[in-house]
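Just so you know, the sequences run in chain order A and B. No gaps in the numbering here: position 145 of the first sequence is 145 in the numbering used here, and each next residue is one more. No gaps in the numbering here: position 29 of the second sequence is 1029 in the numbering used here, and each next residue is one more. Positions of the beta carbon are idealized from the N, C-alpha and C atoms, including for glycine. Reading through the structure tokens given below for one structure.
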Amino acid sequence: MTGPHESHGLAPERQPMDAEFRDFLIQHKDEFLRIALSCLRNLHDADEAVTDAALKIHNKWPKINSLDNPLALARKIVHDTSVDFYRRRARLASREVPHPGLPDAPTADDLLELRGYERLDQARAILQERAPKQAECVRLRYIEGMEFTEIADHLDITPGAAKTNVHLGIKALQTLMTPPKPRNGGDS
Amino acid sequence: MLEETLRAEAQVLHDMLSTHDTTDFMNRLSTRIEEHAARPARVHDDPARSTPTVTCTPPSFNLQRQRSTRPHVRRGLRRRPLPVITRNPADQPAATLTHLRHLCETILSAENAATLMAAFDHDYDATGACTFACLLYILGRRDSALYWWRFAAGAENALAAHVLALYHAANGTLPEARVWCAHSRLLGFTADQHLPLPLYPARATPPVRDIARSAPAPTNEAMTSFVQNDRLPTALVRH
């Protein structure tokens, strides 16, 4: 494959990854993977989604790094990339090449496990759309295991607001996950 | 109860991540970054225009500063800043729905489409059911199409599972897309084995415009009700 670096006949120089970007990614890689795993429930798919997101972040790193809260934008990029993952995969399916040695295909038990997450994930998706701050507070509290003061620092809110958002978010999720009660027939 | 579920999920994620190799991940990312950097840029500057060159102009040619023909616009409005990162339009729901429709049209235009439809007429063959569902989808019978795709996927048709994953991904139901994607992998879906080949080379022959009219249709009376009615028969609706 020819590229702009090969016009003078030399091999392309290996551009080292920006040290600050590298440190940023290593520091937050696990959190990014947890965001992707919450959407995709498959470690290999999550790895691919986070790699795609990291590439986007790398391409705009100077601008992202200049923001007050680069981590917030990075999280959003990872989340959006995870949400778009299946659409992208479907679009590029025709370019996939079978490769031996890939991880085993899922089993029926894996499918049942995925079905078990459906109600919770649908409720979280609805909460993310209607009240993103509550959804984020719930995620940071229970999935990332943060204290309220840490959540407050991350989201630039007060610890009291973090506590309130977590409480409201849990209540909202419980409501969304509770199936509607069947109506009784009227008295005849 | 819900808090316990969320904490249990956190533990599951922690266990999954314990097997993830950071060094390998960073090495693979470095490779991707290098490959991306080696790609030619989408928009090139014309080298001839970017560098100043001496050109011979005819003596009768006078360089005149061209006036803009645009009307002068008062700049009083504040512009919204451009987003740092934009999402790929090709990955958005509308593009995916177009891709799904194109896939259905390709399946219906395949040489063996009539054979598959006849097999479906005869004994509800799974591959024929997938083809029939594609016809229903093109005709706008979405619920019926979903029913027969699920029927075909349940009968271990990998293409039907893939189409369902595509449909749910396009309509934003991520948990459903996830399950059908896993289902298609369980059934061994691969593009080269299951995706239909396009009948025409790119841009050589235009596709049939009204595919719904030219596609083979089942002759089974029971199936024509799916084609003619907007909604799924009541007995088949899930409660």
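DSSP three-state assignment for residue i, whether helix, strand or coil
i: B/F1132; result: helix
i: B/L1103; result: helix
i: B/S1018; result: coil
i: B/P1089; result: helix
i: B/M1223; result: helix
i: B/P1040; result: coil
i: A/T158; result: coil
i: A/P180; result: coil
i: A/N165; result: helix
i: B/P1233; result: coil
i: B/L1002; result: helix
i: B/T1190; result: coil
i: B/M1026; result: helix
i: A/S188; result: Note on A/S188: pLDDT 49, under 50, position unreliable in the model; the coordinate value appears next. Three-state DSSP puts A/S188 in coil, outside helix and strand.
i: B/M1117; result: helix
i: A/D52; result: helix
i: A/E144; result: coil
i: A/T175; result: helix
i: B/Y1124; result: coil
i: B/R1007; result: helix
i: B/P1175; result: helix
i: B/T1096; result: helix
i: A/A135; result: helix
i: B/T1055; result: Interpretation of B/T1055 is limited by its pLDDT of 48, a score under 50 that renders its predicted location unreliable; the figure taken from the coordinates is listed afterwards. The answer is coil: DSSP assigns B/T1055 none of H, G, I, E or B.
Cα-Cα separation between residue i and residue j, rounded to whole angstroms
i: A/K163; j: B/E1003; result: 14 Å
i: A/L140; j: A/L155; result: 10 Å
i: B/A1145; j: A/A93; result: 22 Å
i: B/D1125; j: B/A1113; result: 12 Å
i: B/R1178; j: A/A108; result: 14 Å
i: B/L1097; j: B/Y1167; result: 7 Å
i: A/C39; j: A/I77; result: 13 Å
i: A/P62; j: A/L71; result: 13 Å
i: B/P1206; j: A/A131; result: Its pLDDT being 49, under 50, B/P1206 is placed unreliably by the model, and the measurement read from it follows with that caveat. About 47 Å.
i: B/Q1011; j: B/A1152; result: 36 Å
i: B/W1149; j: A/I126; result: 26 Å
i: B/R1185; j: A/I157; result: 43 Å
i: B/R1203; j: B/R1087; result: Confidence at B/R1203 is low in this model, with a pLDDT of 39, below 50, so its placement is unreliable and no value can be given for it.
i: B/R1101; j: B/I1138; result: 7 Å
i: A/N65; j: A/A74; result: 10 Å
i: B/I1085; j: A/L55; result: 11 Å
i: B/Q1092; j: A/F21; result: 28 Å
i: B/S1099; j: A/T149; result: In the sequence on display, residue 1099 of chain B carries His and not Ser. When rounded, the distance between both Cα atoms is 46 Å.
i: A/M17; j: A/A90; result: 30 Å
i: A/Q128; j: B/V1237; result: 30 Å
i: A/I170; j: B/M1001; result: 10 Å
i: A/K60; j: B/A1095; result: 25 Å
i: B/S1109; j: B/H1183; result: 26 Å
i: B/R1231; j: B/L1136; result: 11 Å
i: B/E1156; j: B/T1106; result: 21 Å
i: B/R1032; j: A/D153; result: 33 Å
i: B/G1154; j: B/A1170; result: 21 Å
i: B/A1172; j: A/A19; result: Position check: residue 1172 of chain B holds Gly in this sequence, whereas Ala was assumed. One C-alpha to the other measures close to 37 Å.
i: A/L43; j: B/Q1228; result: 44 Å
i: A/Q174; j: A/R119; result: 10 Å
Per-residue contacts from residue i into chain D (C-beta, under 7 Å)
i: A/P132; result: In the structure shown, chain D cannot be found, because the protein chains are A and B.
Residue i beta carbon near the ligand PLP (any heavy atom closer than 7 Å)
i: B/A1182; result: What this structure holds is no ligand at all, so the ligand PLP is not there to describe.
> Given a limit of 8 Å on CB to CB distance, which residues of the stretch 1006 to 1040 of chain B reach chain A?
Replying inline: Answer in chain order: L1006, R1007, E1009, A1010, L1013, M1016, L1017, T1019, H1020, T1022, F1025, M1026, R1028, L1029, S1030, R1032, I1033, E1034, H1036, A1037, A1038, R1039, P1040.
>> With three or more C-beta pairs closer than 8 Å as the rule, is the stretch 1121 to 1134 of chain B touching the stretch 1219 to 1238 of chain B?
In response: Cβ pair count under 8 Å is three or more, so yes.
> Could you give the uninterrupted runs of the alpha helix (DSSP H) lying entirely in the stretch 11 to 50 of chain A, keeping only those of 4 residues or more?
Replying inline: Counting whole runs of 4 or more residues, the stretch 11 to 50 of chain A contains the alpha helix (DSSP H) stretches 19 to 40.
> Got a sec: which bits of the stretch 147 to 179 of chain A sit with their beta carbon under 9 Å from any beta carbon on chain B, in order along the chain?
Replying inline: Per Cβ criterion, the list reads I170, L173, Q174, M177.
>> Is it the case that the stretch 134 to 150 of chain A contacts the stretch 103 to 118 of chain A, given that we only count it when at least three CB pairs across the two stretches are under 8 Å?
In response: Segment contact: the stretch 103 to 118 of chain A against the stretch 134 to 150 of chain A, fewer than three CB-CB distances shorter than 8 Å; contact not assigned.
> In the stretch 60 to 85 of chain A, which residue ranges form an unbroken alpha helix (DSSP H) of at least 4 residues, counting only runs that do not cross its ends?
Replying inline: The alpha helix (DSSP H) runs of length 4 or more contained entirely in the stretch 60 to 85 of chain A are, from start to end of the chain, 61 to 65, 70 to 83.
> Does the stretch 77 to 87 of chain A come close enough to the stretch 39 to 58 of chain A that 3 or more CB-CB pairs lie under 8 Å?
Replying inline: Verdict: yes, contact present.
> Can you find at least 3 beta carbon pairs, one from the stretch 122 to 140 of chain A and one from the stretch 1189 to 1199 of chain B, that sit closer than 8 Å?
Replying inline: As far as the Cβ criterion goes, the stretch 122 to 140 of chain A does not touch the stretch 1189 to 1199 of chain B, which means the pair count is below three.
> Can you find at least 3 beta carbon pairs, one from the stretch 1151 to 1160 of chain B and one from the stretch 1123 to 1142 of chain B, that sit closer than 8 Å?
Replying inline: Yes, the stretch 1151 to 1160 of chain B is in contact with the stretch 1123 to 1142 of chain B.
>> Which residues of the stretch 55 to 68 of chain A have a Cβ closer than 7 Å to any Cβ of chain B? Give them in chain order.
In response: Answer set for the stretch 55 to 68 of chain A: L55, K56, H58, K60, K63, I64.
> Taking any Cβ of chain A, which residues in the stretch 1166 to 1180 of chain B have a Cβ under 7 Å from it, in chain order?
Replying inline: So the close ones are L1166, A1169, A1170, L1174, P1175, A1177, R1178, V1179.
>> Does the structure place the stretch 157 to 176 of chain A close enough to the stretch 1011 to 1028 of chain B that three or more beta carbon pairs sit under 8 Å?
In response: At 8 Å Cβ cutoff, the stretches do not touch.
> Between the stretch 108 to 138 of chain A and chain B, which residues of the former have a C-beta closer than 8 Å to a C-beta of the latter?
Replying inline: Result list: A108, D110, L111, L114, R115, Y117, E118, L120, D121, Q122, A125, V138.
> Taking a cut of 8 Å between CB atoms, which residues from the stretch 82 to 94 of chain A lie near chain B?
Replying inline: Contact annotation: in the stretch 82 to 94 of chain A, residues whose CB is within less than 8 Å of a CB in chain B are V83, D84, Y86, R87, R88, R89, A90, R91, A93, S94.
> In chain order, what residues of the stretch 1082 to 1102 of chain B put their CB closer than 9 Å to some CB of chain A?
Replying inline: So the close ones are V1084, I1085, R1087, N1088, A1090, D1091, Q1092, P1093, A1095, T1096, H1099, L1100.
>> Extract the residue ranges of the alpha helix (DSSP H) inside the stretch 1146 to 1172 of chain B, only unbroken runs of 4 or more that lie entirely within it.
In response: Fully enclosed alpha helix (DSSP H) runs of 4 or longer: 1158 to 1170.
> Which residues, taken in chain order from the stretch 1140 to 1153 of chain B, show a beta carbon closer than 9 Å to some beta carbon of chain A?
Replying inline: Cβ contacts with chain A: none found.
> Listed from N- to C-terminal order along the chain, which residues in the stretch 29 to 45 of chain A have their beta-carbon within a distance smaller than 9 Å of any beta-carbon of chain B?
Replying inline: Within the stretch 29 to 45 of chain A, the residues whose Cβ lies closer than 9 Å to any Cβ of chain B are, in chain order, K29, D30, L33, R34, L37, S38, C39, L40, R41, N42, L43, D45.
>> Against chain A, which members of the stretch 1115 to 1129 of chain B pass a CB distance test of less than 8 Å?
In response: Listed in chain order, the positions of the stretch 1115 to 1129 of chain B with a beta carbon within less than 8 Å of a beta carbon of chain A would be empty, since no residue qualifies.
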